[in-house]
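Below is one structure, written out as structure tokens; the observations come after it.
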Amino acid sequence: MGMPRMRLRHVEYLPFPRIRVAKPPPPDISYYTTQKNHLGTIGDDRLPRPLCRPTRSPRETNMKVTALITLAVDRYNYVKVETDEGITGVGELHPASGTGGTPFVPRAAVDYCSEYLVGKDPLHIEKHWQHMFRRQLFRGGADMMAAMGAIDIALWDIKGKSLGKPVYELLGGPVREKVRLYTHLGGNSPEELAQQASARVEEGFTALRIYPFGDFGAADFEEGLGLERMSFSGMQNNAVERVAAVREAAGPDIDIMIDVVNRLTPAEAIGLGRALEPFNLYFFEDPIEPEN
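According to numbering that gives the first Met the number 0, the sequence shown is numbered sequentially starting from 0.
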């Protein structure tokens, strides 16, 4: 037997009873109405008005960027930003593309940024960074960021010089008096690495970095060390021998790091990391391509 059907026959509105709340007394503004307005243009019986126009900051300048120049010094590249007041700033240009000392694409990116920056006040650093970043349709990738990083450093250099302050003071002041450094060991054999490790520890270094497959450049996977003919297992065994030699020479209390310069796939990087786990690595630098 089914349930009987119900039908709606009547809807009635029931007003909610009002609750009377005592009206609060008006605020006491006698203090404000008796004080002389700081502008001197409004009577004493009115509240002071804020400034209609902002005042000029004493930090603003008329200095303008006149040129962005890329410089190559040995294997390193820099951006020099010049101004009409003779103050210059320098920033390091990382070779995100190209090899060695020829970062062609980042240099082109610097030229692209100069179209915007020339004629601007170099002290407006954050404004310029945001504009250079957002004016790119697809953000430009690593090459554009390399150019922007160099320009950003150069602008901070200019700001510190113009204010007569070191840049670290502008960024919040010093945090420590010393910075721990590591050194990189060269050499293509475990024996060479062990010898260098002992010498660097004697000099006072507490952290050592190596290329676990040997010292190589951009073309070494095609020629040079024979890595193009070596299986991954062979490369991994080679890395284990080299890291083991450094650990034995340096001792258990020295930090050891490796850098493979983006040469591996994710699976290869994981395998190499597991093979080197007994040597207690401090860090594993650039295991895979940044785009992966």
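For every residue, glycine included, the Cβ atom is placed at its ideal position computed from N, Cα and C.
On the three-state DSSP scale, how would you describe Pro251?
Looking at Pro251 - three-state DSSP - the assignment turns out to be coil, as it is neither helix nor strand.
Of all the options Asn279, Met234, Ala248, which has the alpha carbon lying nearest to the alpha carbon of Ala268?
Out of Asn279, Met234, Ala248, Met234 has the C-alpha closest to the C-alpha of Ala268.
Verify whether the separation of the beta carbon atoms of Pro286 and Val242 is less than 8 Å.
Going by C-beta atoms, Pro286 is not nearer than 8 Å to Val242.
So, do the region 242 to 258 and the region 178 to 198 have three or more beta carbon pairs nearer to each other than 8 Å?
Enough Cβ pairs lie closer than 8 Å, so yes.
Can you give me the Cβ contacts of Leu263 inside the same chain, cut-off strictly under 7 Å, excluding the 5 residues immediately before and after it?
Correct list, in chain order: Leu271, Pro286, Ile287.
Please list, in chain order, all residues of the same chain as Gly99 whose beta carbon is under 6 Å from its beta carbon, the five residues on each side excluded.
Only weak support is given to the placement of Gly99: the predicted model assigns it a pLDDT of 48, under 50, and the question is left unresolved by the model.
Whose C-alpha, out of Phe282, Gly250, Ala249, is nearest the C-alpha of Asp258?
Out of Phe282, Gly250, Ala249, Phe282 has the C-alpha closest to the C-alpha of Asp258.
Apply the 10 Å Cβ neighbour rule to Gly186 and answer buried if 16 or more other Cβ atoms are within range, or exposed otherwise.
Flag for Gly186 reads buried.
Does the ligand PLP have even one heavy atom less than 7 Å from the beta-carbon of Ser161?
With respect to the ligand PLP, the structure offers nothing, as it holds no ligand at all.
Is the beta carbon of Pro121 closer than 8 Å to that of Val64?
In this structure, Pro121 lies closer than 8 Å to Val64 by Cβ.
Within this structure, are the beta carbons of Leu92 and Ala146 separated by less than 8 Å?
Yes; because the gap between Cβ atoms is below 8 Å, this pair is in contact.
What's the call for Arg134, buried or exposed, on a 16-neighbour Cβ count within 10 Å?
Counting Cβ neighbours within 10 Å, Arg134 comes out exposed, since fewer than 16 surround it.
Just to confirm the assignment: which complete alpha helix (DSSP H) runs, minimum length 4, are found wholly within the region 88 to 158?
Runs of the alpha helix (DSSP H) inside the region 88 to 158: 103 to 116, 124 to 133.
Less than 8 Å between C-beta atoms, sequence neighbours within five positions excluded: which residues of the same chain meet that for Gly250?
Counting only Cβ-Cβ distances below 8 Å, and skipping sequence neighbours, we find Val200.
Would you tell me roughly how many angstroms separate the C-alpha atoms of Asp205 and Ile253, rounded to the nearest one?
It is worth fixing the name first, because residue 205 is Thr in this sequence and not Asp. Answer to the nearest angstrom: the Cα atoms are 5 Å apart.
Under 8 Å between C-beta atoms, does Tyr281 make it to chain B?
The structure shown contains no chain B; it holds only a single protein chain.
Have a look at Ile152, Arg273, Lys126 and flag the residue whose alpha-carbon is nearest the alpha-carbon of Leu67.
Out of Ile152, Arg273, Lys126, Ile152 has the C-alpha closest to the C-alpha of Leu67.
Can you tell me whether DSSP reads Phe231 as helix, strand or coil?
Phe231: helix per DSSP, three-state reduction.
Do Leu207 and Leu170 have their beta-carbon atoms positioned less than 8 Å apart in this structure?
Their beta carbons are not under 8 Å apart, which means Leu170 does not touch Leu207 by this criterion.
I need the straight-line Cα distance from Ala107 to Ile150, nearest angstrom please.
In a straight line, the C-alpha of Ala107 is about 13 Å away from that of Ile150.
By DSSP's criteria, Ile209 is part of a beta bridge. Which residues make up the other side?
Note: Ile209 sits in a beta bridge opposite Ile257.
Leaving out five residues on either side along the sequence, give the residues of the same chain with a beta carbon under 6 Å from the beta carbon of Ile86.
Answer for Ile86: Ile157, Lys160, Ser161, listed in chain order.
What did DSSP end up calling Phe283 once you bin it into helix, strand or coil?
The answer is strand: DSSP assigns Phe283 an E or B state.
In this structure, what does DSSP give as the bridge partners for Val174?
Partner(s): none; Val174 has no beta bridge.
Taking just the CA atoms, how far does Leu116 sit from Val89?
Near 15 Å, if we compare the C-alpha coordinates of Leu116 and Val89.
When you compare each of Asn76, Tyr167, Lys126 to Arg175 by their alpha carbons, which one comes out closest?
The candidate whose alpha carbon is nearest that of Arg175 is Tyr167.
So what's Lys63 in DSSP terms, helix, strand or just coil?
Note: Lys63 maps to coil in three-state DSSP.
By how many angstroms is the C-alpha of Pro189 removed from the C-alpha of Val80?
Computed Cα separation, rounded: 45 Å.
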